[in-house]
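Q: What follows is a single structure, and I will ask about it in a moment.
Residue numbers (the working numbering): 1416 to 1696.
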């Protein structure tokens, strides 16, 4: 499956020097201010462990870090930190073959997804992300795992940065019942789905376990509408992925997706089911 949406792929993720550079800049600025990680962390309202991971280049910095750092580091240092943040690429840690679709998603005005294998990457909370990557074969190194977790979490900023984008995620009920990673991971996942599904521009639908009229037999698919109202499709296999631009092929995907929306539980019924599964854990 694709690195972003699933986890198992033969493509090695591209490591990002920009993450390491940002971490080094933060460390220098912190040390110039005469602060240890343990002293700096509470002043920016993050844990020392989290700050350490950022300085090691293993985590993407949160969007508001430079703003929070102004008081402990000073205005000039904050400008330097903000400039370093702008140089970061969120494609670090993503499989190279996913880069094209990741860029399309970032600029999409509509983004649709149907998944029957694993929860879409944009909806995965950190415990679920870790459960996915910890099961990857061949196993990842600690550095590779942390980088991929960081990249996936960073891409979820699309929800706050693209408030005018219409998101629709259709998920098979079996994925919610599976409890990948155990009950605690399942709770985190369901809480995340309920939270994200509460956004005005995010629709989370569930395809019920029993649905005799199911049009999703061709498997998972992703669709995006560009700023010039062109629709593109995306499909993936175990170690391959394809961006589809042929209008006829994309039209077929859109028709299939539209049919499946009528077969899935409504947004309200899906939320009720999520609550029900959450309560049974």
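For glycine and all other residues, C-beta sits at the position ideal for the given N, C-alpha and C.
Identify the residues that DSSP records as bridge partners of residue 1465: which are they?
A: Taking the first residue of the chain shown as position 1, residue 1465 is located at position 50. Answer is none; residue 1465 lacks a bridge partner.
Q: May I have the straight-line CA-CA distance separating residue 1612 from residue 1515, to the nearest angstrom?
A: Looking up residue 1612 in the chain shown gives position 197. Looking up residue 1515 in the chain shown gives position 100. Going by the C-alpha atoms only, they are around 26 Å apart.
Q: Between the C-alpha atoms of residue 1551 and residue 1463, what's the straight-line distance to the nearest angstrom?
A: The residue you call residue 1551 lines up with position 136 of the chain shown. The residue you call residue 1463 lines up with position 48 of the chain shown. When rounded, the distance between both Cα atoms is 28 Å.
Q: With a threshold of 7 Å (Cβ to nearest heavy atom), would residue 1653 be considered close to the ligand NAD?
A: Of ligands this structure carries none, so the ligand NAD is not represented either.
Q: Check whether the Cβ atoms of residue 1553 and residue 1599 sit closer than 8 Å, and answer yes or no.
A: As a first step, residue 1553 must be located in the chain shown, where it is residue number 138. As a first step, residue 1599 must be located in the chain shown, where it is residue number 184. Cβ atoms of residue 1553 and residue 1599: not closer than 8 Å.
Q: Taking 6 Å as the limit between beta carbons, can you name the residues of its chain near residue 1459, skipping five residues before and five after?
A: For the purposes of this step, residue 1459 is taken as the residue at position 44 of the chain shown. These residues qualify, in order along the chain: 1483 and 1484.
Q: Which of the three DSSP states, helix, strand or coil, is assigned to residue 1429?
A: Along the chain shown, one-based indexing puts residue 1429 at 14. Below a pLDDT of 50, predicted positions are generally treated as unreliable, and residue 1429, at 43, falls in that range; the measurement from the model is reported next regardless. Three-state DSSP puts residue 1429 in coil, outside helix and strand.
Q: May I ask you to list the residues that DSSP assigns as paired with residue 1529?
A: On the chain shown, residue 1529 is found 114 positions in, with the first residue counted as 1. According to DSSP, residue 1529 bridges with 1585 and 1636.
Q: Per DSSP, residue 1547 is paired with what?
A: Locating residue 1547 in the chain shown gives position 132, counting from the first residue. According to DSSP, residue 1547 bridges with nothing at all.
Q: Mind reading off the beta-carbon distance from residue 1689 to residue 1609? Whole number of angstroms is fine, and I expect it under 8 Å.
A: As a working mapping, residue 1689 is identified with position 274 in the chain shown. As a working mapping, residue 1609 is identified with position 194 in the chain shown. 5 Å between Cβ atoms; contact.
Q: Throw me the rounded Cβ distance for the residue 1642 and residue 1522 pair, which I believe falls under 8 Å.
A: Taking the first residue of the chain shown as position 1, residue 1642 is located at position 227. Taking the first residue of the chain shown as position 1, residue 1522 is located at position 107. Going by Cβ atoms, the distance from residue 1642 to residue 1522 rounds to 6 Å, so yes, they are a contact pair.
Q: Nearest to residue 1652 by CA position, among 1532, 1493, 1477 and 1438, is which residue?
A: Here residue 1652 refers to the residue found at position 237 of the chain shown. Residue 1532 is the option with its Cα nearest to residue 1652.
Q: Who pairs with residue 1649 in a beta bridge, going by DSSP?
A: Along the chain shown, read from residue 1 onward, the residue named residue 1649 stands at position 234. Looking at the DSSP assignment, residue 1649 forms a beta bridge with 1637 and 1658.
Q: Roughly how many angstroms separate the alpha carbons of residue 1444 and residue 1454, rounded to a whole number?
A: Position 29 of the chain shown, counting from 1, holds the residue named residue 1444. Position 39 of the chain shown, counting from 1, holds the residue named residue 1454. Taking the straight line from one Cα to the other gives about 13 Å.
Q: Could you tell me which uninterrupted beta strand (DSSP E) segments, each at least 3 residues in length, are contained entirely in the stretch 1594-1625, listed from first to last along the chain?
A: Listed in chain order, the complete beta strand (DSSP E) runs (minimum 3 residues) inside the stretch 1594-1625 are 1617-1622.
Q: What are the boundary residues of the alpha helix (DSSP H) that residue 1686 is part of?
A: Start at 1 with the first residue of the chain shown, and residue 1686 comes out as number 271. Element bounds for residue 1686: 1682-1695.
Q: Output the distance between the C-alpha atoms of residue 1442 and residue 1650, rounded to the nearest integer angstrom.
A: As a position in the chain shown, residue 1442 is number 27, starting the count at 1. As a position in the chain shown, residue 1650 is number 235, starting the count at 1. Spanning the two alpha carbons is a distance of roughly 41 Å.
Q: Measuring alpha carbon to alpha carbon, tell me which of 1684, 1646, 1686 and 1517 ends up nearest residue 1668.
A: Numbered from its first residue, the chain shown carries residue 1668 at position 253. Per the Cα distances, 1646.
Q: Assuming residue 1565 and residue 1475 form a contact by the criterion Cβ under 8 Å, report the distance between their Cβ atoms to the nearest whole angstrom.
A: One-based indexing of the chain shown puts residue 1565 at position 150. One-based indexing of the chain shown puts residue 1475 at position 60. Confirmed, Cβ separation roughly 5 Å.
Q: Is there contact between the stretch 1561-1581 and the stretch 1619-1629, where contact requires at least three CB pairs shorter than 8 Å?
A: Counting Cβ pairs under 8 Å, fewer than three are found: no touch.
Q: Rounded to whole angstroms, what's the CA-CA distance from residue 1687 to residue 1677? Just pull it up for me.
A: Here residue 1687 is taken as the residue at index 272 of the chain shown, counted from 1. Here residue 1677 is taken as the residue at index 262 of the chain shown, counted from 1. About 17 Å.
Q: With 16 other CB atoms within 10 Å as the buried threshold, where does residue 1635 fall?
A: If you number the chain shown from 1, residue 1635 lands on position 220. Burial call: buried.
Q: How big is the Cα-Cα spacing for residue 1664 and residue 1434?
A: Counting from one through the chain shown, the residue named residue 1664 turns up at place 249. Counting from one through the chain shown, the residue named residue 1434 turns up at place 19. Rounded to whole angstroms, residue 1664 to residue 1434 spans 38 Å at the Cα level.
Q: Quick check: residue 1529 and residue 1585, are their CB atoms within less than 8 Å of each other?
A: The residue labelled residue 1529 in the question sits at position 114 within the chain shown. The residue labelled residue 1585 in the question sits at position 170 within the chain shown. Yes, the Cβ-Cβ distance between residue 1529 and residue 1585 is below 8 Å.
Q: So, are the CB atoms of residue 1624 and residue 1588 less than 8 Å apart?
A: By 1-based counting over the chain shown, the position of residue 1624 is 209. By 1-based counting over the chain shown, the position of residue 1588 is 173. For residue 1624 and residue 1588, yes; Cβs fall inside 8 Å.
Q: Beta-carbon separation of residue 1548 and residue 1499 under 8 Å?
A: Translated into positions along the chain shown, residue 1548 becomes position 133. Translated into positions along the chain shown, residue 1499 becomes position 84. Not in contact: residue 1548 and residue 1499 (Cβ atoms no closer than 8 Å).
Q: Should residue 1473 go down as buried or exposed, given a rule of 16 or more other Cβ atoms within 10 Å for buried?
A: Looking up residue 1473 in the chain shown gives position 58. Buried: at least 16 other Cβ atoms inside 10 Å.
Q: Going by C-alpha distance, which of 1662, 1605 and 1640 is nearest residue 1694?
A: Counted from its first residue, the chain shown places residue 1694 at position 279. With distances taken between Cα atoms, residue 1694 lies closest to 1605.
Q: Taking Cβ to Cβ, would you say residue 1580 is nearer than 8 Å to residue 1524?
A: Translated into positions along the chain shown, residue 1580 becomes position 165. Translated into positions along the chain shown, residue 1524 becomes position 109. Yes. Within cutoff.
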